[in-house]
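With the numbering used here applied, the sequence shown covers 7 to 267.
Have a look at the structure below, then the notes.
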Amino acid sequence: MMYDFTGKVAVVTGAGGEMAGAMVKKFTDNGACAALLDIREDLAQKTADDLGLGADRALCVKVDISDEDSVKAAVQQIMDKFGRIDFLCNVAGIEGPNDSRTEVYSTEGAKKVFAINILGTFLMMKHVLPVMQAQKSGAIVNLGSVSGMYGYEGEIAYGASKAAVIQMTKNVANENAKLGIRCNAISPGWVNTGMFRRIVGQYAEGEGRGSGWDNVHVGNIGRTAEPMEMANVAVFLCSDDASFVNGSNWLCDGGKTLDQG
Ligand SMILES: NC(=O)c1ccc[n+]([C@@H]2O[C@H](COP(=O)([O-])OP(=O)(O)OC[C@H]3O[C@@H](n4cnc5c(N)ncnc54)[C@H](O)[C@@H]3O)[C@@H](O)[C@H]2O)c1
7 MMYDFTGKVA VVTGAGGEMA GAMVKKFTDN GACAALLDIR EDLAQKTADD
57 LGLGADRALC VKVDISDEDS VKAAVQQIMD KFGRIDFLCN VAGIEGPNDS
107 RTEVYSTEGA KKVFAINILG TFLMMKHVLP VMQAQKSGAI VNLGSVSGMY
157 GYEGEIAYGA SKAAVIQMTK NVANENAKLG IRCNAISPGW VNTGMFRRIV
207 GQYAEGEGRG SGWDNVHVGN IGRTAEPMEM ANVAVFLCSD DASFVNGSNW
257 LCDGGKTLDQ G
């Protein structure tokens with residue numbers, strides 16, 4: 007599907023990853039400029055380079071979304087360059103420990119997952135919302151997960167963090183519905199990205215878990231999603247075609263949870 011995003015600015019966090027990279031491609035293919043944010047600026051720059059985006063269309067910014075000063079500085083840099091923010095996709099996140107029961111789950115690991123996935127998503131919305139409110143328009147998409155909807159084993163912090171992201175999406179949608187700003191979430195099943203490949207590796211190392219792949223339940227479609235399949239939904243949710251969609255959580259799991267939920 008094609009959109010006309012001429013003159014629009016999309017901010018995508020985690021832009022060094024493949025899912026966010028696919029969103030940057032989809033936004034810019036449809037005429038938007040993009041701010042590519044990542045704690046690894048080199049990876050964000052690689053995404054821009056791979057997509058052939060020069061400095062006229064793209065701004066790569068190093069940001070740690072869990073650090074408020076870093077987020078404030080990034081939003082200022084985006085405003086200095088583009089002067090507006092139309093779309094915010096909060097894609098940056100970490101998986102944390104994936105194969106630990108709660109009683110042995112690393113406390114430091116849990117704090118880090120909460121800091122990046124929950125606080126980071128909160129801080130990005132906190133500092134971008136005033137820009138969108140002044141414009142009286144904007145759309146936000148947050149990355150939840152099926153992990154935030156079901157209680158999978160071995161990932162208490164990640165699951166809780168994604169449940170919080172889905173909940174914050176509703177809070178922000180409710181607060182801003184009359185201000186021209188919509189906020190929605192996407193909850194993927196397995197998506198073929200660096201994170202997915204790392205988790206399969208962790209499963210493979212887990213005691214008594216068999217091979218990594220044996221523990222990956224992809225659902226009735228029988229494969230993982232490709233990053234662009236998430237980008238297609240995210241960009242639709244940002245577009246005017248989704249003008250009546252607000253506060254929702256889009257389950258994009260290829261049917262994974264049909265036989266689990
Ligand atoms: N891959 C999956 O199967 C899957 C499934 C459900 C949900 N998700 C969610 O989708 C999102 C994207 O996942 P992915 O698979 O592309 O992950 P990924 O690990 O491949 O990419 C994540 C990107 O976020 C960046 N990042 C990490 N911490 C950051 C920080 N503090 N500040 C700024 N950037 C930071 C990383 O450098 C990386 O480039 C995540 O929120 C993830 O939880 C992924």
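Even for Gly, the Cβ is constructed at its ideal location relative to N, Cα and C.
Along the beta strand (DSSP E) that carries residue i, what are the first and last residues, could you check?
i	result
residue 192	187-194
residue 184	Run containing residue 184: none; DSSP gives neither H nor E here.
residue 96	93-96
For residue i, does the count of other Cβ atoms within 10 angstroms reach 16, so buried, or fall short, so exposed?
i	result
residue 94	buried
residue 264	exposed
residue 236	buried
residue 193	buried
residue 249	exposed
residue 8	exposed
residue 103	buried
residue 54	buried
residue 16	buried
residue 44	buried
residue 27	buried
residue 190	buried
residue 108	exposed
Does the beta carbon of residue i fall short of 8 Å from some heavy atom of ligand 3?
i	result
residue 105	Among the ligands present in this structure, namely ligand 1, ligand 3 is not found.
What residue range does the alpha helix (DSSP H) around residue i cover?
i	result
residue 80	74-88
residue 242	233-244
residue 206	200-211
Per DSSP, residue i is paired with what?
i	result
residue 219	BP columns for residue 219 are empty, so no partner.
residue 68	44
residue 257	193
### Query
Which runs of the alpha helix (DSSP H) fall wholly inside the segment 110-148 and span at least 4 residues, in chain order?
Counting only runs of 4 or more, we get 113-119 and 127-141.
### Task
Could I get the ranges of all uninterrupted beta strand (DSSP E) runs contained in the segment 14-54, with 3 residues as the minimum, in chain order?
The beta strand (DSSP E) runs of length 3 or more contained entirely in the segment 14-54 are, from start to end of the chain, 15-19 and 39-44.
### Task
Kindly confirm or deny that the segment 225-232 and the segment 253-262 touch, where touching means at least three C-beta pairs closer than 8 Å.
Taking a cut-off of 8 Å for Cβ pairs, the segment 225-232 and the segment 253-262 touch, as three or more such pairs fall below it.
### Message
Whether or not the segment 16-33 and the segment 229-245 are in contact is what I'm after, with contact meaning three or more pairs of Cβ atoms, one per stretch, closer than 8 Å; do they touch?
### Response
In this structure the segment 229-245 touches the segment 16-33; the number of beta carbon pairs closer than 8 Å is three or more.
### the segment 173-181 contacting the segment 145-152, beta-carbon criterion three pairs below 8 Å
Result yes; three or more Cβ-Cβ pairs closer than 8 Å.
### Query
Quick check: the segment 53-73 against the segment 111-126, are there 3 or more CB pairs under 8 Å?
By the Cβ test, the segment 53-73 is in contact with the segment 111-126, since at least three Cβ pairs between them sit closer than 8 Å.
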